[in-house]
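Number of protein chains: 2
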Amino acid sequence: MLISEVAKIAGLSKDGVRHYEEMGLIASTERQAGSRVYREYDPAVLTTIEKVRQAQRLGFSLKEIGPLLKAHGAANLTPEQTVVFLEERLDVIRGKLKVLQEVEAFIKTKLDHYKKEKLSRSDKKI
Amino acid sequence: MLISEVAKIAGLSKDGVRHYEEMGLIASTERQAGSRVYREYDPAVLTTIEKVRQAQRLGFSLKEIGPLLKAHGAANLTPEQTVVFLEERLDVIRGKLKVLQEVEAFIKTKLDHYKKEKLSRSDKKI
DNA sequence: CTTGACTGTGGGGTTTCCCTACAGATTATC
DNA sequence: GATAATCTGTAGGGAAACCCCACAGTCAAG
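These protein sequence lines map, in sequence, to chains A and B. Position one of the first sequence corresponds to residue 299 (this note's numbering), numbered consecutively onward. Position one of the second sequence corresponds to residue 299 (this note's numbering), numbered consecutively onward.
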């Protein structure tokens with residue numbers, strides 16, 4: 299399949315697909331098209347891209363995901379390593395959650411304040 | 299005060315301080331030093347930087363913060379506008395929270411799975 | 001055979017800084 | 001007073017994960 303098809307199905311832009319390829323996450327073969335060369339992708343890249351997306355949601359950067367994909371293919375993680383690895387991810391995610399929750403609380407407080415302000419003297423500028 | 303002092307107190311790098319200045323968030327005056335010109339900062343920039351940090355935590359980009367700082371100084375937001383504005387921020391933050399919470403749940407599930415795996419057959423590779 | 005949709009490369013932009021290198025200025029030490 | 005250590009400046013490249021534009025060849029349909 300050509301790049302547009304991959305992009306459409308994977309929900310990426312063509313630039314995104316090329317970017318993933320540059321990052322070594324997916325591969326393509328060359329297809330001669332006159333003086334031009336088109337990229338031909340195996341449909342399997344779609345599931346690879348899915349894995350990449352999942353890993354991104356877990357807080358990994360594309361750079362980190364490359365080795366991860368290879369490790370997965372090589373099936374060389376013990377359950378112990380997997381647990382450690384997931385726990386690290388959980389820490390990252392929980393750290394982010396904490397910050398956001400604090401910000402949420404902060405905004406709610408401000409909001410209450412301004413809602414009162416608005417009721418009591420709706421003409422004043424802040 | 300010179301740039302290093304600002305950087306140290308504000309918890310920014312010198313590059314960061316210069317960056318904030320380029321973005322128009324803070325200002326400095328020139329101080330001749332032989333053939334060189336040093337940046338002289340008013341201590342007030344420290345509180346400005348604090349405001350910037352706060353706004354960043356609320357999800358604003360530095361680019362958005364510039365006008366915001368000016369608006370604040372000019373005191374030209376009505377309580378109604380402030381409320382709308384805070385509610386928008388709250389939406390942004392809550393959207394991020396939601397995603398992270400889903401990821402957290404996902405990892406927890408995986409983790410449980412692998413912990414069981416580990417107990418039942420601790421020798422197998424994954 | 002022309003038109004439109006597709007492909008490629010190349011280069012610039014975004015965001016929030018970090019890092020390196022080179023060079024003048026200032027301060028402290030001997 | 002010379003020298004060394006520490007400071008300052010600018011310039012330019014890099015990171016992350018793409019987006020966007022332009023220019024140009026390719027291919028399928030009408």
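In this text, a Cβ means the ideal position worked out from N, Cα and C, and glycines have one as well.
query                                                                                                            : result
Contacts of Val450/B in chain A (Cβ-Cβ under 7 Å)                                                                : In the structure as shown, chain B begins at 299 and stops at 424. Residue 450/B is therefore absent and cannot be evaluated.
Neighbour flag for Glu402/A against chain B, beta carbons, 7 Å                                                   : yes
CA-to-CA distance, Phe404/B to Lys349/B, given in whole angstroms                                                : 35 Å
Proximal chain B residues relative to Gln399/A, where beta-carbon distance stays under 8 Å                       : Leu395
With 16 other Cβ atoms within 10 Å as the buried cut-off, status of Thr327/B                                     : exposed
For Lys422/B, the three-state DSSP class (helix, strand or coil)                                                 : Confidence is the limiting factor: at Lys422/B the pLDDT is only 41, short of 50, which leaves the residue's position unreliable, though a coordinate-based value still follows. Coil, per DSSP.
Backbone secondary structure at Tyr336/A - three-state DSSP                                                      : strand
Ser311/A versus Glu303/A: straight-line alpha-carbon distance, rounded                                           : 10 Å
Chain A within 7 Å of Leu388/B, Cβ atoms only                                                                    : yes
Check whether Ile363/A and Val401/B have beta carbons under 7 Å apart                                            : no
Residue-level contact to chain B via CB, Arg355/A, 7 Å cutoff                                                    : yes
Close beta carbons around Leu360/B, own chain, < 6 Å, minus the five adjacent residues each side                 : Met321
Local Cβ density within 10 Å of Arg387/B, reported as buried at 16 or more and exposed below that                : buried
Straight-line gap, Phe427/A to Gly314/B (C-alpha atoms, nearest Å)                                               : The structure shown does not extend to residue 427/A, since chain A spans only 299 to 424, so no value can be given for it.
Per-residue DSSP class, three states only, for Thr376/A                                                          : coil
Contact set between Arg351/B and chain A, taken where Cβ atoms lie within less than 9 Å                          : Per Cβ cutoff of 9 Å: no residues; Arg351/B is ~12 Å from chain A at best.
Within chain A, partners of Arg392/B - CB distance below 8 Å                                                     : Glu402
Sub-7 Å separation of Tyr336/B and Val381/A beta-carbons                                                         : no
Chain B contact for Pro266/A (CB, 7 Å cutoff)                                                                    : The requested residue 266/A is not part of the displayed model; chain A covers only 299 to 424.
Sequence-distant residues of the same chain with beta carbon closer than 7 Å to Leu398/B, five excluded per side : none
Thr345/A burial status per 10 Å Cβ neighbour count (16 or more: buried)                                          : exposed
Alpha-carbon spacing of Lys306/B relative to Met299/B, whole angstroms                                           : 11 Å
Start and end residues, alpha helix (DSSP H) containing Ala308/B                                                 : 301 to 308
Same chain, Cβ closer than 8 Å to Glu319/B, five either side skipped, listed in chain order                      : Ala325, Ser326, Arg337
Proximity winner among Gln352/A, Gln354/A, Pro377/A, Gly332/A, relative to Asp410/B (alpha-carbon distances)     : Pro377/A
Test item: CB-CB of Lys414/A and Leu384/B under 7 Å                                                              : no
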